[in-house]
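Novice: I'd like to ask some things about the structure below.
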Amino acid sequence: MELICPAGTPAALRVAVDAGADAVYCGFNDETNARNFPGLNFSRAEMREAIAYAHTHGARVLVAVNTFPRAGAVALWERAVDDAVAAGADALIVADIGLLAYAATTHPAQRLHLSVQAAAANPDAIRFYREAFGIRRVVLPRVLAVREIAAIARAVPCETEVFVFGGLCVMEEGRCSLSSYATGRSPNMHGVCSPASHVGYRDEGGSMVSRLGDFTINRFGPGEPAAYPTLCKGRFRAGEASFYLFEDPVSLDAAALLPALREAGVTALKIEGRQRGRAYIEAVVRAFRRALDALDAGHPIPPGGLQALTEGQTSTEGAYRKGWR
Amino acid sequence: MAVTGTTRDQAAILAVPRPISAAIGVLPLAPLGSALGLVLGAVLRRHRRIFDRLGTHAGKRFGLRPTDLPFALVLHADPARPHIAVSRHLPAHGLHARIAGPLAGLAGLVDGRLDGDALFFSRALSVEGDIEAVIALRNAIDDAGIDLLGDAASLLGPFAGPAERFARTALDLAGGFLQTRSGTGRSGRWN
Chain X
1 MELICPAGTP AALRVAVDAG ADAVYCGFND ETNARNFPGL NFSRAEMREA IAYAHTHGAR
61 VLVAVNTFPR AGAVALWERA VDDAVAAGAD ALIVADIGLL AYAATTHPAQ RLHLSVQAAA
121 ANPDAIRFYR EAFGIRRVVL PRVLAVREIA AIARAVPCET EVFVFGGLCV MEEGRCSLSS
181 YATGRSPNMH GVCSPASHVG YRDEGGSMVS RLGDFTINRF GPGEPAAYPT LCKGRFRAGE
241 ASFYLFEDPV SLDAAALLPA LREAGVTALK IEGRQRGRAY IEAVVRAFRR ALDALDAGHP
301 IPPGGLQALT EGQTSTEGAY RKGWR
Chain Z
1001 MAVTGTTRDQ AAILAVPRPI SAAIGVLPLA PLGSALGLVL GAVLRRHRRI FDRLGTHAGK
1061 RFGLRPTDLP FALVLHADPA RPHIAVSRHL PAHGLHARIA GPLAGLAGLV DGRLDGDALF
1121 FSRALSVEGD IEAVIALRNA IDDAGIDLLG DAASLLGPFA GPAERFARTA LDLAGGFLQT
1181 RSGTGRSGRW N
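Heads up: the sequence lines are chains X and Z, in that order. Position one of the first sequence corresponds to residue 1 (the numbering used here), numbered consecutively onward. Position one of the second sequence corresponds to residue 1001 (the numbering used here), numbered consecutively onward.
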């Protein structure tokens, strides 16, 4: 299985390649990709240099153009496709049907991957994207159990890629409007969930209160592990009880499931976290490279030692071990 | 889950021991401010790309408070006249954002040894104010590949190499001493 690693900056890309990534995914510094954060991402020149570095070191670069073009501004997304192809991208990660059509007709030789943002979670949907646009790989949404992934991998005429580590969404990838409700900006259209421009933190006697727009998201007691200030991970209060309604603040860690994912026929394993620093990239990529090497050698998966990097300092196997169906 | 434990570098946020912090507290701040100004200049001469990544946030003022030291820093990220000032306390007004954490955590962010989100999750790091500016600063610094000791040593011209080796050896010894004293390699106050 291939190891697909995130990079938010050229320095992070070099770290990922050096740590053992088979491929690195990244995006341009605008709203065409789903990690449009301040100070993050690649200029056109940086993208060309990064791809050259990766190719020199035997790794590939997948360019994410995976937000949904706004009416009246489609040219920005089409230019991102053109520039990624010109820079030598090994594949484009795309979600929008219109942009897929543009990429497939304008650059018929370019390899296309269907982004997780497209939320294609069944064989019929994936076959449609394959037949209509020639996608070579689908990144599966994080809503599927391993047995469901196996069924899809057997049924579709393309490769499958699944997330194995990092932040989790609330099972509405590409369709979530929580951030937009609170701030007017969304991951789907603007490439940013819970934009930092709308985030606030306040210390209240050792407790940390996080806010997003006009909403209080959470209150963390002294020493209590913290989480991203997203509405989906907000803590709600009803009567005397406070609880997480949509999702607990935890990170995905599917290292223990690597044998099952290989058995399911998965082609590639994806690490989330283009917004994270070089230290995260290096630690996580090295841990999963060790795990894959151990798997190939027939050895047990070694402990990753990644708990300190996880949201809420807690990890989960998410829907892969779906116990509620 | 089969995977548990911590990444040593991420967990090992050592606090400056109180006696050392107290001793620093009686020293005059002016020489420290001058030295930090020189280091900042050396860092920015070597890493001009930081200002490109800061974008519209260049020119903002960041308050940096090492929680285990008796002073604070104000960084004015002005591309034309970058400046760092030292004071006993952060000013109440005039800052766009405040960042607080143990010295080792802040230094680890600057030279890329530590992940900012992980420090935030663990509550070792706290931020207030213009969070967009903080994120831009974090990303700009992380991409720059700053080597604090190397950049500072470059000020010494032909003596840069020996000075850097001496400083790294001294820090390794100090780190080992503190690890031994703390027993777990973690800060009792922060992790």
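Using N, Cα and C, we set each Cβ at its ideal position, and we do this for glycine too.
Residues of chain Z with a CB under 7 Å from the CB of X:Ala196: which are they?
Specialist: Within 7 Å Cβ-Cβ: Ile1131, Glu1132, Ile1135.
Novice: Rounded to the nearest angstrom, what separates X:Glu272 and X:Leu295 at their Cα positions?
Specialist: Rounded to the nearest angstrom, the two C-alpha atoms are 21 Å apart.
Novice: Between the stretch 1012 to 1025 of chain Z and the stretch 1065 to 1072 of chain Z, do three or more beta carbon pairs fall short of 8 Å?
Specialist: Result yes; three or more Cβ-Cβ pairs closer than 8 Å.
Novice: DSSP on Z:Leu1036, reduced to helix/strand/coil?
Specialist: Looking at Z:Leu1036 - three-state DSSP - the assignment turns out to be helix.
Novice: Determine, for X:Pro225, whether the minimum Cβ-Cβ distance to residues of chain Z falls below 9 Å.
Specialist: Cβ-Cβ to chain Z under 9 Å: yes for X:Pro225.
Novice: For X:Leu3, does the count of other Cβ atoms within 10 angstroms reach 16, so buried, or fall short, so exposed?
Specialist: Classification for X:Leu3: buried.
Novice: Over what stretch of residues does the alpha helix (DSSP H) that includes X:Thr230 continue unbroken?
Specialist: Premise fails: X:Thr230 is in no alpha helix (DSSP H) and is neither H nor E.
Novice: Using the three-state DSSP reduction, which class does Z:Pro1066 fall into: helix, strand or coil?
Specialist: Correct three-state label for Z:Pro1066: strand.
Novice: According to DSSP, simplified to helix, strand and coil, what is Z:Leu1027?
Specialist: Reduced to three states, the DSSP call for Z:Leu1027 is coil.
Novice: Are Z:Val1110 and Z:Phe1120 closer than 9 Å when you measure CB to CB?
Specialist: Cβ atoms of Z:Val1110 and Z:Phe1120: not closer than 9 Å.
Novice: Please name the residue or residues paired with X:Arg251 in a DSSP beta bridge.
Specialist: For the sequence presented, residue 251 of chain X should be read as Ser rather than Arg. In DSSP, X:Ser251 forms a bridge with X:Gly167, X:Ser315.
Novice: Please report the distance separating the alpha-carbon of X:Pro195 from that of X:Pro187.
Specialist: The straight-line gap from Cα to Cα measures roughly 9 Å.
Novice: Can you tell which of X:Ile93, X:Phe37, X:Leu257 has the C-alpha that lies nearest to the C-alpha of X:Pro303?
Specialist: Nearest of X:Ile93, X:Phe37, X:Leu257 to X:Pro303, Cα basis: X:Leu257.
Novice: Where in the stretch 47 to 74 of chain X do unbroken runs of the beta strand (DSSP E), each at least 3 residues long, occur, reported from the N-terminal end onward?
Specialist: Qualifying beta strand (DSSP E) stretches, in chain order: 60 to 65.
Novice: For X:Thr310, which residues in the same chain have their Cβ closer than 6 Å to its Cβ, ignoring the five residues on either side in sequence?
Specialist: Same-chain partners within the cutoff: Ser251.
Novice: Spatial neighbours of X:Ala101 within its chain, please: CB distance less than 8 Å, with the 5 preceding and 5 following residues excluded, ordered by chain position.
Specialist: Hits under 8 Å: Ala132, Phe133.
Novice: For X:Ala11, which three-state DSSP category applies?
Specialist: In the structure shown, X:Ala11 sits in a helix (DSSP, three-state: H, G or I).
Novice: Using the beta-carbon count (16 or more within 10 Å), is Z:Val1026 buried or exposed?
Specialist: The residue is exposed, with fewer than 16 neighbouring Cβ atoms inside 10 Å.
Novice: Taking the CB atoms as reference points, tell me whether X:Thr230 and X:Ser197 lie closer together than 9 Å.
Specialist: Not in contact: X:Thr230 and X:Ser197 (Cβ atoms no closer than 9 Å).
Novice: According to a CB-to-CB cut-off of less than 8 Å, which residues of the stretch 10 to 24 of chain X neighbour chain Z?
Specialist: So the close ones are Pro10, Ala11, Ala12.
Novice: Taking the CB atoms as reference points, tell me whether X:Arg136 and X:His113 lie closer together than 9 Å.
Specialist: Against a cut-off of 9 Å, the Cβ pair of X:His113 and X:Arg136 comes out as a contact.
Novice: How many Å lie between Z:Leu1148 and Z:Gly1033 at the Cα?
Specialist: One C-alpha to the other measures close to 16 Å.
Novice: Quick check on Z:Gly1157 - is its C-beta less than 9 Å from some C-beta in chain X?
Specialist: No, no contact with chain X.
Novice: Give the interface partners of Z:Ile1057 over in chain X, defined as CB-CB distance under 9 Å, in chain order.
Specialist: In the sequence on display, residue 1057 of chain Z carries His and not Ile. In chain order: Pro38, Gly39.
Novice: Quick test of your reading: X:Val156 and X:Val143, contact by CB under 8 Å. State the CB separation rounded to the nearest angstrom.
Specialist: Between X:Val143 and X:Val156 the Cβ distance is about 16 Å, and since that is not below 8 Å, they are no contact.
Novice: Please name the residue in X:Ala73, X:Pro38, X:Val116 whose C-alpha comes closest to that of X:Leu92.
Specialist: Comparing Cα positions, the closest option is X:Val116.
Novice: Do the stretch 215 to 235 of chain X and the stretch 1151 to 1158 of chain Z touch if we need at least three Cβ pairs shorter than 8 Å?
Specialist: The stretch 215 to 235 of chain X, when compared against the stretch 1151 to 1158 of chain Z, does not touch it at the 8 Å Cβ threshold.
Novice: My parser needs the beta strand (DSSP E) runs of 3 or more residues fully inside the stretch 187 to 228 of chain X; what are they?
Specialist: Entirely contained in the stretch 187 to 228 of chain X, the beta strand (DSSP E) runs reaching 3 residues are, in chain order, 199 to 204, 207 to 212, 215 to 220.
Novice: Does X:Val342 come out as helix, strand or coil in the three-state DSSP assignment?
Specialist: Examination of residue 342 of chain X is not possible in this model, given that chain X is present from 1 through 325 alone.
Novice: Assess contact between the stretch 7 to 19 of chain X and the stretch 276 to 291 of chain X, defined as three or more Cβ pairs (one per stretch) separated by less than 8 Å. Is contact present?
Specialist: Judged by Cβ distances under 8 Å, the stretch 7 to 19 of chain X makes contact with the stretch 276 to 291 of chain X, as three or more pairs qualify.
Novice: Taking the alpha helix (DSSP H) that X:Glu31 belongs to, which residues open and close that run?
Specialist: From DSSP, X:Glu31 is part of no alpha helix (DSSP H); its letter is neither H nor E.
Novice: Starting from Z:Leu1073 and walking both ways along the alpha helix (DSSP H), at which residues does that stretch end?
Specialist: Z:Leu1073 -> not in any alpha helix (DSSP H); beta strand (DSSP E) instead, spanning 1072 to 1076.
Novice: Could you check where the beta strand (DSSP E) with X:Phe243 kicks off and where it finishes?
Specialist: Note, X:Phe243: beta strand (DSSP E), 241 to 244.
Novice: Could you list the residues in the stretch 264 to 296 of chain X with a C-beta less than 7 Å from some C-beta on chain Z, going in chain order?
Specialist: Listed by position, the residues of the stretch 264 to 296 of chain X near chain Z (Cβ gap below 7 Å) are Arg276, Gly277, Arg278, Ala279, Tyr280, Ala283.
Novice: How would you write the range of the beta strand (DSSP E) that X:Leu112 sits in, first residue to last?
Specialist: Run containing X:Leu112: 112 to 114, per the beta strand (DSSP E) assignment.
Novice: Any idea if X:Glu161 is buried or exposed, counting beta-carbon neighbours within 10 angstroms, 16 or more meaning buried?
Specialist: Answer is buried; the Cβ neighbour count reaches 16.
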